[in-house]
Amino acid sequence: MDSILCDELLQEIFRRLPPPSNAAVSLVCKRWLYLLRSSTTSLSLSFIQPPFTPQLSSFLRFHPYLSAVSVTLTENTIDSSDHILFSVASSCRNLKYLKFLNGPVSPLTLLSLSNSCPNLVSLAVTLFRPLSFLWLAPFKSLKQLSIYSAGNLNSRELDYVDFYGSCDTSELNLESLLLTGIQSGDKGVGFLWRNCKKVRTLKLKSCEGVGDQGSFFGFIQCLEGLEKVELRSCRTIVDGVLLKLAESCGMLNSLLLYDGGSKEGLLHFLTQSKCCSNLQNLDLRLPLDLDNNHLTAIAENLVSLRSLRLQSCCLVTGEGLKNLGKNAMGDGLEELVLINCDVVERESGLLATVGQDLKRLRKLDLSFHDMLVDKELISMLVSCNNLNEFKVRGCKKLTNLAMVSLAKCCKKLESVDVMNCSGIEAQAVELFVLNSPKLRLLRVEENKVSDVARTWASNKYIEIVA
732 MDSILCDELL
742 QEIFRRLPPP
752 SNAAVSLVCK
762 RWLYLLRSST
772 TSLSLSFIQP
782 PFTPQLSSFL
792 RFHPYLSAVS
802 VTLTENTIDS
812 SDHILFSVAS
822 SCRNLKYLKF
832 LNGPVSPLTL
842 LSLSNSCPNL
852 VSLAVTLFRP
862 LSFLWLAPFK
872 SLKQLSIYSA
882 GNLNSRELDY
892 VDFYGSCDTS
902 ELNLESLLLT
912 GIQSGDKGVG
922 FLWRNCKKVR
932 TLKLKSCEGV
942 GDQGSFFGFI
952 QCLEGLEKVE
962 LRSCRTIVDG
972 VLLKLAESCG
982 MLNSLLLYDG
992 GSKEGLLHFL
1002 TQSKCCSNLQ
1012 NLDLRLPLDL
1022 DNNHLTAIAE
1032 NLVSLRSLRL
1042 QSCCLVTGEG
1052 LKNLGKNAMG
1062 DGLEELVLIN
1072 CDVVERESGL
1082 LATVGQDLKR
1092 LRKLDLSFHD
1102 MLVDKELISM
1112 LVSCNNLNEF
1122 KVRGCKKLTN
1132 LAMVSLAKCC
1142 KKLESVDVMN
1152 CSGIEAQAVE
1162 LFVLNSPKLR
1172 LLRVEENKVS
1182 DVARTWASNK
1192 YIEIVA
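Following this line, the structure appears as structure tokens:
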């Protein structure tokens, strides 16, 4: 059989195998080992301590067609990080996606990376402070950049920053930018804001500022063309960013806001923003900063909203959620996520009312509600006949009856997550697999999948993920 199959066919088979099978394939024979390495385009490497550089380079050269590499290094010394990054760059000339985390790297090493991997499209790295981004200029193909800031540079690296500090370059081609840990005194960030006019996605995480005072004007200009913004744990700057977004960003269609801000700042954005008519996706995790006033503003102003995600919102009541469905916005809402929002368990009949008003829902996520019972869920499912994605992970009081009703009411389901639902048993999972004509993905504990259910899933091309 081995001699009948040509190399190209074997490689295509290898690409379709699940990752756990790779180890077994490599042990069959030398030919299979060589073909497996030649067909591998993505690798994820994790080191507890820095590896021996020549051995790493030799290993990577066995995989000539790598386009995506992820490296995690526990010991975050700059010398060891530089050596590893240099090995990756010199051994993977076709690299397009590189994630190099935990180990801070120097600007000089990043400059050498631009020469070795000119086709790099996505880069994630950790940098020492003070931050400098002048090394970005040679990366002409780079579209996505993720920066994680660490401690302070030594004197050798400070000389590099000072030497190039007065330089400037032409506009960068970045379209997506993630910055973590930026402080108000970081001077180097101004270079990014001045030269990133093509950025459409901006993500800020654990940031106390957007750079020094001279960087602020460039930051405001960068906001104008944004389509997607994510702010995670940026409490000190959230209100200011939302204010500027409301004033100057008319193209925004997606906003994520986690753990930060004030009630007044968010309310101002929802009522006064230029982008209200365009905003389609809103994702909020604000335990103490979101109430019914915000939900009313969402219902009245975000007429194009398609996806609403709320997590751990303690101050929201049933009246606020009902307003969403009563408003015209409810006719267009296709995704509703209520994760760990105690109002779902606190107010009886709420889900039934919401389900009747939001009949166009395609995706529903009610995960991590310990006290959610069958009766409340079923009363909603009766009205949600168009669902194709459904999640109730961690809802421990749901039973087999909920699965039976789900199969009966929602014939269009393609993806279902019932992980950690202790009341749902193997028999119900088996019947659900049999009676779900369009199901393609089911997430459930392995011990709840019987041999019969696994056979049916295989015959119906359903993937079961434990």
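Heads up: the sequence shown is residues 732 to 1197, going by the numbering used here.
A virtual CB, placed ideally from N, CA and C, is assigned to each residue, including glycine.
- Nearest to Cys-938 by C-alpha distance, out of Tyr-879, Leu-957, Gly-1049, is Tyr-879.
- Here Gly-921 has Gly-942, Gly-945, Ser-946, Gly-949 as same chain residues with Cβ atoms under 6 Å from its own Cβ, once five neighbours each way along the sequence are excluded.
- Between Gly-971 and Cys-1006, the CB-CB gap reaches or exceeds 9 Å.
- When rounded, the separation of the alpha-carbon atoms in Ser-775 and Ala-799 is 8 Å.
- Contact annotation, Gly-1125 with Asn-1151: C-beta distance approximately 5 Å; criterion of less than 8 Å satisfied.
- Beta-bridge pairing by DSSP links Leu-829 to Val-800, Leu-854.
- Between the C-alpha atoms of Ser-812 and Leu-909 there is a straight-line separation of about 21 Å.
- Lys-1106 counts as exposed, since fewer than 16 other beta carbons sit within 10 angstroms of its beta carbon.
- At a Cβ-Cβ threshold of 9 Å, Ala-1083 and Met-1111 count as neighbours.
- With contacts defined as CB atoms closer than 9 Å, Leu-1097 and Leu-1108 qualify as a contacting pair.
- DSSP places Gln-1158 inside the alpha helix (DSSP H), whose first and last residues are 1157–1165.
- Contact between Glu-1031 and Asn-1012 is absent: CB atoms are separated by about 18 Å, not below the 8 Å threshold.
- The shortest C-alpha to C-alpha distance from Asn-846 to any of Ala-820, Lys-994, Asp-1073 is the one to Ala-820.
- Straight through space, the alpha carbons of Val-1104 and Arg-1185 are spaced by roughly 28 Å.
- Shown here for Ala-881: same chain residues with a beta carbon closer than 6 Å to its own, the five before and five after excluded, namely Pro-835, Thr-857, Phe-859 in chain order.
- Per DSSP, reduced to three states, the secondary structure at Asn-1012 is strand.
- The continuous beta strand (DSSP E) containing Lys-936 extends over residues 932–936.
- Residue environment: Asp-810 is assigned as exposed (fewer than 16 neighbouring CB atoms within 10 Å of its CB, all protein chains considered).
- Per DSSP, the unbroken alpha helix (DSSP H) holding Lys-1106 starts and ends at 1105–1112.
- Counted as a single uninterrupted DSSP element, the beta strand (DSSP E) harbouring Asp-1096 occupies residues 1094–1096.
- CA-CA distance, Asp-990 to Val-1047, rounds to 16 Å.
- In this structure Gly-1086 is not in contact with Lys-1128, their Cβ atoms being roughly 19 Å apart against a cut-off of 8 Å.
- In the displayed model, Val-1068 falls within a strand according to three-state DSSP.
- Within the same chain, and ignoring the five residues on either side of Asn-1116 in sequence, the residues whose Cβ sits closer than 8 Å to its Cβ are Lys-1090, Cys-1140, Cys-1141, Lys-1142, Lys-1143.
- The alpha-carbon separation between Ser-1136 and Cys-1072 amounts to approximately 23 Å.
- For Gln-1003, the uninterrupted alpha helix (DSSP H) run begins and ends at 994–1003, by DSSP.
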